Amino acid sequence: MSFAEIKDKVRAGEPLGQGDGVALFQHPNLLELGLLANEVRERLHGQRTYFNRNMHINATNVCVASCRFCSFARLKGGDPGAYTLTLEEAWGRLRTRLEAKDPITEIHIVNGLHDGLPFSYYTDLLSGLKRICPTVHLKAFTAVEIFFFHQHYGMPVAEVLRRLHAAGLDSLPGGGAEIFAPRVRRKLCADKCDADQWLDVHRIAHRMGLRSNCTMLYGHIETVEERVDHLLRLRALQEETGGFQTFIPLAFHPDGNALRRLPPPTGVDDLRTFAVSRLLLHNIAHLKAYWVMLGLKTAQTAQWFGADDLDGTVQEERIYHMAGAETPQSLGVPDLVRLIERAGRVPVERDTLYNILAEGSALLPSQPFRRPSSRALGVSA
Amino acid sequence: MSDRIRLAAVPFLSARPLTYGLEQGLAADRFELTYASPADCARRLSSGEIDLALLPSSRLPSLDRAVDWRVVPRLAVSSEALPVEFANEHTLGPLSGTVGDWRLRTGLPFVSQLWVGRNGAVGADQADLLMQSLEQGLVHLRDLAIAFAEAHGGDPARYENYLMHGLSYRLGSEELSGLGAFLEHLRLAETTSPPARGPTRIRLFEFANLRASPKLAAQPLARKKPVVPGLDALLANAATGGRLSSAEGIHLYEKASLLDLGKAADERRRFLHPRNVVTYIIDRNVNYTNLCVTACKFCNFYRPAKSKDAYTLSRDVLAQKFAETVAMGGIQILLQGGVNPQLRLDYYEDLFRWTKANFPLALHALSPEEVSFIAKQEQLSIREVLARLVAAGLDSLPGGGAEILDDEIRHRVSPLKCSADTWIEVMREAHALGLRTTATMVFGFGETSEHILKHLERLRALQEQTAGFTAFICWPFQAEGTRLRLSDDTTAQRYLRVFSLARLYLDNFPNLQVSWPTMGPAIGQVALRFGGNDFGSAMIEENVVSQAGAVFKLTAEDIEQRVRATGFVPRQRNMRYELLPVRREAILLASATGGVAKSLQAGA
Numbered sequence: 017m018s019f020a021e022i023k024d025k026v027r028a029g030e031p032l033g034q035g036d037g038v039a040l041f042q043h044p045n046l047l048e049l050g051l052l053a054n055e056v057r058e059r060l061h062g063q064r065t066y067f068n069r070n071m072h073i074n075a076t077n078v079c080v081a082s083c084r085f086c087s088f089a090r091l092k093g094g095d096p097g098a099y100t101l102t103l104e105e106a107w108g109r110l111r112t113r114l115e116a117k118d119p120i121t122e123i124h125i126v127n128g129l130h131d132g133l134p135f136s137y138y139t140d141l142l143s144g145l146k147r148i149c150p151t152v153h154l155k156a157f158t159a160v161e162i163f164f165f166h167q168h169y170g171m172p173v174a175e176v177l178r179r180l181h182a183a184g185l186d187s188l189p190g191g192g193a194e195i196f197a198p199r200v201r202r203k204l205c206a207d208k209c210d211a212d213q214w215l216d217v218h219r220i221a222h223r224m225g226l227r228s229n230c231t232m233l234y235g236h237i238e239t240v241e242e243r244v245d246h247l248l249r250l251r252a253l254q255e256e257t258g259g260f261q262t263f264i265p266l267a268f269h270p271d272g273n274a275l276r277r278l279p280p281p282t283g284v285d286d287l288r289t290f291a292v293s294r295l296l297l298h299n300i301a302h303l304k305a306y307w308v309m310l311g312l313k314t315a316q317t318a319q320w321f322g323a324d325d326l327d328g329t330v331q332e333e334r335i336y337h338m339a340g341a342e343t344p345q346s347l348g349v350p351d352l353v354r355l356i357e358r359a360g361r362v363p364v365e366r367d368t369l370y371n372i373l374a375e376g377s378a379l380l381p382s383q384p385f386r387r388p389s390s391r392a393l394g395v396s397a
Numbered sequence: 142m143s144d145r146i147r148l149a150a151v152p153f154l155s156a157r158p159l160t161y162g163l164e165q166g167l168a169a170d171r172f173e174l175t176y177a178s179p180a181d182c183a184r185r186l187s188s189g190e191i192d193l194a195l196l197p198s199s200r201l202p203s204l205d206r207a208v209d210w211r212v213v214p215r216l217a218v219s220s221e222a223l224p225v226e227f228a229n230e231h232t233l234g235p236l237s238g239t240v241g242d243w244r245l246r247t248g249l250p251f252v253s254q255l256w257v258g259r260n261g262a263v264g265a266d267q268a269d270l271l272m273q274s275l276e277q278g279l280v281h282l283r284d285l286a287i288a289f290a291e292a293h294g295g296d297p298a299r300y301e302n303y304l305m306h307g308l309s310y311r312l313g314s315e316e317l318s319g320l321g322a323f324l325e326h327l328r329l330a331e332t333t334s335p336p337a338r339g340p341t342r343i344r345l346f347e348f349a350n351l352r353a354s355p356k357l358a359a360q361p362l363a364r365k366k367p368v369v370p371g372l373d374a375l376l377a378n379a380a381t382g383g384r385l386s387s388a389e390g391i392h393l394y395e396k397a398s399l400l401d402l403g404k405a406a407d408e409r410r411r412f413l414h415p416r417n418v419v420t421y422i423i424d425r426n427v428n429y430t431n432l433c434v435t436a437c438k439f440c441n442f443y444r445p446a447k448s449k450d451a452y453t454l455s456r457d458v459l460a461q462k463f464a465e466t467v468a469m470g471g472i473q474i475l476l477q478g479g480v481n482p483q484l485r486l487d488y489y490e491d492l493f494r495w496t497k498a499n500f501p502l503a504l505h506a507l508s509p510e511e512v513s514f515i516a517k518q519e520q521l522s523i524r525e526v527l528a529r530l531v532a533a534g535l536d537s538l539p540g541g542g543a544e545i546l547d548d549e550i551r552h553r554v555s556p557l558k559c560s561a562d563t564w565i566e567v568m569r570e571a572h573a574l575g576l577r578t579t580a581t582m583v584f585g586f587g588e589t590s591e592h593i594l595k596h597l598e599r600l601r602a603l604q605e606q607t608a609g610f611t612a613f614i615c616w617p618f619q620a621e622g623t624r625l626r627l628s629d630d631t632t633a634q635r636y637l638r639v640f641s642l643a644r645l646y647l648d649n650f651p652n653l654q655v656s657w658p659t660m661g662p663a664i665g666q667v668a669l670r671f672g673g674n675d676f677g678s679a680m681i682e683e684n685v686v687s688q689a690g691a692v693f694k695l696t697a698e699d700i701e702q703r704v705r706a707t708g709f710v711p712r713q714r715n716m717r718y719e720l721l722p723v724r725r726e727a728i729l730l731a732s733a734t735g736g737v738a739k740s741l742q743a744g745a
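So the protein sequences, as listed, match chains A and B.
Under the numbering used here, the first residue of the first sequence carries the number 17, and numbering increases by one thereafter.
Under the numbering used here, the first residue of the second sequence carries the number 142, and numbering increases by one thereafter.
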């Protein structure tokens, strides 16, 4: 399939197939890809780039899974570096943030698979957060965690979700999808739920009316065909349920994990993956350039290769920083606004469900731009 | 009779396939063909006795630069090495050594002959007839070989083999690049004696029906946004090497979308560097002193004379650094310092002589700022200072300190630095002495589009006269910790925009280096798709931008891996951008000294 034929298909709104996807990943001209993805992006979102005010809580890094790409997990409680927040500590994070007059609209909660906590830890965590701030949106627990709860606590997935929802869960983050191909999962994350199980959790959540995100971890041992297959499986579920809001490509970071001999992500592969994702996932509205993982400069540039979202202010991110991400721990709203404007796009503050909260003059950055200090990050090269 | 096109061709065997059809009577009513020596061909073409000559490329510099010379597209004789008859025919000076290894040294084919005439001398149909002449020749190579052996003696089988396997008769983008590289070599060989003559750029005859290859044609995209009028045409023109005016440059810089700019720059880069090679150098940046009286507001590196942190490196320290550089596979020292009034010309002369006597290292040393300061201090002309430094061992000048070549901006951010005119003057003198130099631009000082274009225009204008710049490098000013309170302009968007515009505007600059030390390796890689063809230096040491918040460091191995991951072939080069033979030991050394990851080559 030639690029011109694929371009015609995209313009005609025809879904692309496996062969098209592979051809796009192999297309030598990065900027032609970018231009086409940008056409789709601007058709969907014009000049807007979305962000939100959020914080991360990683309540524990104790994890029964030993995924080879992970620098975050500690296998047992008591291992050096292992931690589990008490509920008071977790709630305290939110209180601190609110007391700092730094309002947030979303809390993103992702944890290790801890086998020593009661299920009530999670429901109490959610209901406690909602008690402190009833309006905050709780985007919590990847499908991998939900599936682990199902196995560990012996409840059907739907029951796990129902109880968490009752405690305050609003939507699911998209992590843990990695690459669906069994070959890759066997090698990288054999302890994790498989592709069908991951997709099933999202299917059930969508049917319950919960929205969710989806991801792909790329740049390790997967092939181009496996990337395309992954994207098309996400697209198929979306065709069925329509419950995915955002797709987030995640670049594999090699520091501090078992795969550190692999090369670091390349800027060109990052942008190519964004562009191809935008073109293949015609039925998923948003494409997020997660700045914590990509770095600010690549995240900005990705806004021209299909992305329309930059994630949020983010506080307390642990997972990528333990894998060597050299980005700041958080950005202020004025920083994000400025970054988006400097990327040549129009900043729009959204909530988790992409309702527009503020744009234009409502976002005016009255404070001077604070350049994130790279030296303050304790980078160890 | 008078409407026949008068042709002359060199009588070399290698050229015969091109003239075969004409000799056999093809279009005898349209062409009149004679054979003449290379010198005669060039002379008769210049005088207007003939319209078109199949001319050896070495004769191109003898043509009058003022005439709009054009080359017939698609047709040429090229080979992997300099043809033997070619080397005999012409005194090539330093080039005679490349007879055997042209391809190895440049990575490009060698174009030995091509059809040259004044703009308008031939039309599309005549060009087609010349192509037909070649096509007939290609099916009669054996006849040509036999006829040549009968006339001149020798083995017809050998001749046939040479015609069949030793030569190629196409003029594509690779061949054009090879031709450009050859002319560059000729210019270099001549810089010291007569000033360079001949066309500085190879332009093809343009025919309505051949005008743009489909790739370059304006995009028939059904766009949603109203397109700014003329942008596509401007970009397509610039992508094929057409010259942009300042106003057009400003228009593109302000109006073209990032990706359109990048795509045109990428096309231009592919035309100039079709071999998919991205070069880098292993050298060491040694800042011999940080004592500086210039006190630029954007600088974190310098110390005033009374500061207790001010230093000038001792010979012992330098010796150690230089020896390490050699041990790590470095071939050059980039020597730059503060503007230190305690150091006089004889300090530099001694330092250079000592370096050359003790280390196999090229000296890429002293920016125009330092040179002009020494001249002032010694009450000598810039040329005298440079001549003495060259005599002491200086090989080339780095293009630093250019910042923005506009005195309004310079007064604001570096009031004590040399003027824009002085910077250009130092470079002009250096080029006149046969030194090659780089050129830089630092942006983000609150300058306008006009300032940026003015800077590029000054560089392009000087390059037009001297052809002495090897490469252009730009980066955003790094604000952290400096005394300048300016808006932060280090975003990738601005960098890629300036960078790709520079690739298009600086049509006479062969190389554009990406600035990963300031932008990070990821954006450095991306910039290779926005017009860049050089990944800079495997930095053994750098002190200036790293004092202002840039923290990136890459070894030669890291660079090779990152270049390969972007789809290019990494090759080590020297300052003149000549490719060095592939050296495994450099890679091994880098990994032995603990590069980020050792098994990268396997993964790429």
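Every residue gets a Cβ at the ideal spot worked out from N, C-alpha and C, and that includes glycine.
Just so we're clear, the structure is a prediction, and the values are computed from it rather than from any experiment.
Per DSSP, reduced to three states, the secondary structure at Gly677(B) is strand. A distance below 8 Å separates the beta carbons of Leu285(B) and Tyr161(B).
The residues Ser590, Leu642, in chain order, have a CB closer than 6 Å to that of Tyr394(B) in the same chain once the five nearest residues on each side in sequence are set aside.
CA-to-CA, the gap between Tyr429(B) and Gly479(B) works out to about 8 Å.
Counting other Cβ atoms within 10 Å of its Cβ, Gln606(B) stays below 16 and is therefore classed as exposed. Taking C-beta separations shorter than 8 Å and ignoring five residues to either side along the sequence, the partners of Phe586(B) in its chain run Phe439, Glu544, Ile545, Ile550, Arg553, Val554, Phe618, Leu625, Leu627, following chain order. Interface annotation, Asp407(B): in contact with chain A, CB-CB separation under 8 Å. DSSP lists no bridge partner for Asn54(A). Under the criterion of beta carbons closer than 8 Å, Leu196(B) and Val263(B) do not qualify as touching, at roughly 14 Å.
At a cut-off of 8 Å between beta carbons, Gln477(B) makes no contact with chain A. Here the C-alpha atom of Ser178(B) lies approximately 11 Å from the C-alpha atom of Ala194(B). With contact defined as three or more Cβ pairs closer than 8 Å, the stretch 339 to 359 of chain A and the stretch 282 to 298 of chain A are not in contact. Counting only residues of its own chain and dropping the five nearest sequence neighbours on each side, Asn649(B) has a CB closer than 8 Å to the CB of Thr341, Arg342, Arg601, Gln604, Glu605, Ala608.
Neighbours of Ile664(B) in chain A, taken as residues at a C-beta separation under 9 Å, are given in chain order as Gly283, Gly311, Lys313, Thr314, Thr317. Shortest Cα-Cα distance from Leu233(A) to any of Leu51(A), Ile220(A), Leu247(A) involves Leu247(A).
With a threshold of 8 Å between beta carbons, Leu287(A) makes contact with chain B. Within the stretch 529 to 562 of chain B, no residue has a Cβ lying closer than 8 Å to any Cβ of chain A. Residues of chain A with a Cβ closer than 8 Å to the Cβ of Val639(B) do not exist, since the nearest Cβ in that chain sits about 13 Å away.
Ranked by Cα distance from His124(A), the options Ala156(A), Asp131(A), Gly328(A) are led by Ala156(A).
Here the alpha carbons of Arg90(A) and Met338(A) stand approximately 12 Å from one another. For Met568(B), the uninterrupted alpha helix (DSSP H) segment begins and ends at 561 to 573.
For Phe613(B), the pairing in a beta bridge is given by DSSP as Ala580(B), Leu653(B).
Within chain B, the C-beta atoms nearer than 8 Å to that of Gly360(A) come from Leu399, Gln634, in chain order. Residue burial is scored here from C-beta neighbours: Asn74(A) has at least 16 other C-beta atoms within 10 angstroms and is therefore classed as buried. By the criterion of a C-beta distance shorter than 7 Å, Gly541(B) is surrounded in its chain by Gln477, Ser508, Thr581, once the five residues flanking it on both sides are discounted. Restricting attention to beta strand (DSSP E) runs no shorter than 3 residues, the stretch 48 to 117 of chain A encloses them at 64 to 68, 70 to 73, ordered along the chain.
CA-CA distance, Cys230(A) to Gly383(B), rounds to 46 Å. Taking Tyr99(A) as reference, the option from Leu133(A), Asp327(A), Trp307(A), Arg202(A) with the minimal CA-CA separation is Leu133(A). In terms of CA proximity to Pro189(A), Thr262(A) leads the group Thr262(A), Ala252(A), Val240(A). Within the stretch 30 to 56 of chain A, Pro44, Asn45, Leu46, Leu47, Glu48, Gly50, Leu51, Asn54, Glu55 place their CB atoms closer than 8 Å to a CB of chain B, listed in sequence order.
Within the same chain, and ignoring the five residues on either side of Phe676(B) in sequence, the residues whose Cβ sits closer than 8 Å to its Cβ are Val419, Thr420, Tyr421, Gln654, Val655, Trp657, Gly665, Leu669, Ile700, Arg703, Val704, Pro711.
Any Cβ of chain A closer than 8 Å to the Cβ of Arg670(B) would place that residue at the interface, and such an atom is present.
Membership of Lys155(A) in the beta strand (DSSP E) is indicated by the continuous run 153 to 156. In this structure Ser318(B) is buried. Its beta-carbon is surrounded by 16 or more other beta-carbon atoms within 10 angstroms. In the structure shown, the three-state DSSP call for Val292(A) is helix. Straight-line measurement puts the Cα of Leu250(A) at about 23 Å from the Cα of Asp367(A).
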